């Protein structure tokens with residue numbers, strides 16, 4: 002089974018590609034977390050996690066899900082497990098942070114992280130000065146490269162490759178970037194404390210057509226809105242600042258304070274996916 006979370010579609014695309022190629026069931030974390038999060042592993046079933054990087058850390062919704070997740074199996078002692086993260090640039094020490102949470106999952110079987118990967122995908126974070134979506138050319142190049150890298154990684158997990166007496170496959174190839182401890186540590190803490198918030202979101206009245214799309218795409222149901230209603234944010238501290246609402250708005254009527262003024266929009270599939 003493959004658990005995934007995605008705000009603007011990059012991780013959803015990766016998860017679906019993997020699921021299709023290796024034949025494992027796909028489970029959306031934003032739906033699963035609403036239930037008891039108890040799952041049973043079937044014989045020879047692989048266990049995967051796919052999610053984006055939020056501020057060089059694990060998204061809050063994924064962390065909450067891992068804390069709640071309960072895995073059981075009566076047909077195997079250990080299952081093959083992997084994790085894939087997507088990012089517009091670097092991931093810092095996110096995978097190391099994930100591994101610590103992963104090994105603490107409530108389960109009756111031994112867990113090991115056999116293979117890991119990070120894929121650079123089109124940028125969607127626009128919440129800071131100087132940060133914007135990629136140009137069309139850069140977006141195309143990132144997706145093309147990710148397609149090739151993902152194909153190779155799928156071969157790895159299809160064959161259940163892993164190393165013995167060493168770190169799992171893929172650790173040396175992760176896009177950690179410079180000063181990974183600093184970015185996942187001090188900078189990541191700043192992101193979580195200050196920048197992961199719905200308070201700056203606002204609606205530009207003259208652009209809003211009250212279509213309800215922003216409320217429908219919010220992964221944590223943090224927006225009150227429907228057809229014919231101007232959207233409002235709940236300010237209940239559940240916002241992930243994933244910018245799904247901003248990027249999916251068909252009339253660019255949502256802004257994040259003044260940080261998103263004149264910036265672009267992106268979600269996977271907005272433009273036709275370029276083939277190999």
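Numbering (the working numbering), first residue to last: 2 to 277. We treat Cβ as the ideally placed atom computed from N, Cα and C, and that holds for glycine. Keep in mind the model is a prediction, meaning the values are calculated, not measured.
Give me the Cα-Cα distance between residue i and residue j, rounded to the nearest whole angstrom.
{"i": "residue 1", "j": "residue 38", "result": "This structure gives no information on residue 1, because the portion of the chain shown stretches from 2 to 277."}
{"i": "residue 258", "j": "residue 11", "result": "25 Å"}
{"i": "residue 222", "j": "residue 158", "result": "33 Å"}
{"i": "residue 277", "j": "residue 48", "result": "Caution is warranted here: a pLDDT of 32 is assigned to residue 277, below 50, making its placement in the model unreliable, and the coordinate value is therefore given only provisionally. Answer to the nearest angstrom: the Cα atoms are 28 Å apart."}
{"i": "residue 113", "j": "residue 209", "result": "48 Å"}
{"i": "residue 202", "j": "residue 254", "result": "10 Å"}
{"i": "residue 251", "j": "residue 69", "result": "35 Å"}
{"i": "residue 1", "j": "residue 143", "result": "With the chain covering 2 to 277 only, the question about residue 1 has no answer from this structure."}
{"i": "residue 135", "j": "residue 268", "result": "11 Å"}
{"i": "residue 177", "j": "residue 93", "result": "4 Å"}
{"i": "residue 168", "j": "residue 184", "result": "22 Å"}
{"i": "residue 189", "j": "residue 164", "result": "30 Å"}
{"i": "residue 44", "j": "residue 24", "result": "13 Å"}
{"i": "residue 124", "j": "residue 8", "result": "12 Å"}
{"i": "residue 207", "j": "residue 238", "result": "28 Å"}
{"i": "residue 224", "j": "residue 175", "result": "35 Å"}
{"i": "residue 265", "j": "residue 247", "result": "10 Å"}
{"i": "residue 72", "j": "residue 195", "result": "34 Å"}
Under the assumption that residue i contacts residue j (Cβ atoms under 8 Å), give the Cβ distance between them as a whole number of angstroms.
{"i": "residue 243", "j": "residue 234", "result": "Actually they do not touch by this definition, with Cβ atoms about 13 Å apart."}
{"i": "residue 106", "j": "residue 67", "result": "6 Å"}
{"i": "residue 83", "j": "residue 116", "result": "4 Å"}
{"i": "residue 28", "j": "residue 4", "result": "5 Å"}
{"i": "residue 236", "j": "residue 199", "result": "6 Å"}
Quick check on the burial criterion: 16 or more other C-beta atoms within 10 angstroms. Buried or exposed for residue i?
{"i": "residue 229", "result": "exposed"}
{"i": "residue 180", "result": "exposed"}
{"i": "residue 109", "result": "exposed"}
{"i": "residue 140", "result": "buried"}
{"i": "residue 55", "result": "buried"}
{"i": "residue 21", "result": "exposed"}
{"i": "residue 171", "result": "buried"}
{"i": "residue 104", "result": "exposed"}
{"i": "residue 41", "result": "exposed"}
{"i": "residue 191", "result": "exposed"}
What does a CB cutoff of less than 6 Å around residue i pick up in its chain, not counting 5 residues either side in sequence?
{"i": "residue 218", "result": "245 and 249"}
{"i": "residue 76", "result": "44"}
Is the shortest distance between the beta-carbon of residue i and the beta-carbons of chain C less than 8 Å?
{"i": "residue 65", "result": "Looking for chain C here will not work: only one protein chain is present."}
Using a Cβ-Cβ cut-off of 8 Å (strictly less than) and excluding sequence neighbours within five positions of residue i, which residues of its own chain qualify?
{"i": "residue 31", "result": "6, 62, 220 and 221"}
{"i": "residue 126", "result": "89, 132 and 244"}
{"i": "residue 226", "result": "211, 213, 215, 216, 232 and 233"}
{"i": "residue 155", "result": "18, 19, 22 and 23"}
{"i": "residue 193", "result": "56, 58 and 61"}
Can you list, in chain order, the residues of its chain with a C-beta nearer than 7 Å to that of residue i? Leave out the 5 residues immediately preceding and following it.
{"i": "residue 129", "result": "260"}
{"i": "residue 270", "result": "10"}
{"i": "residue 256", "result": "203, 205 and 262"}
{"i": "residue 100", "result": "114"}
{"i": "residue 46", "result": "2, 25 and 80"}
{"i": "residue 60", "result": "6, 52, 53 and 241"}
Where in the segment 13-40 do unbroken runs of the alpha helix (DSSP H), each at least 4 residues long, occur, reported from the N-terminal end onward?
30-33
Could you give the uninterrupted runs of the beta strand (DSSP E) lying entirely in the segment 102-180, keeping only those of 3 residues or more?
116-121
At which residue ranges does the segment 204-254 contain complete alpha helix (DSSP H) runs of 4 or more residues, listed in the order of the chain?
Complete alpha helix (DSSP H) runs here, min 4: 214-218 and 245-249.
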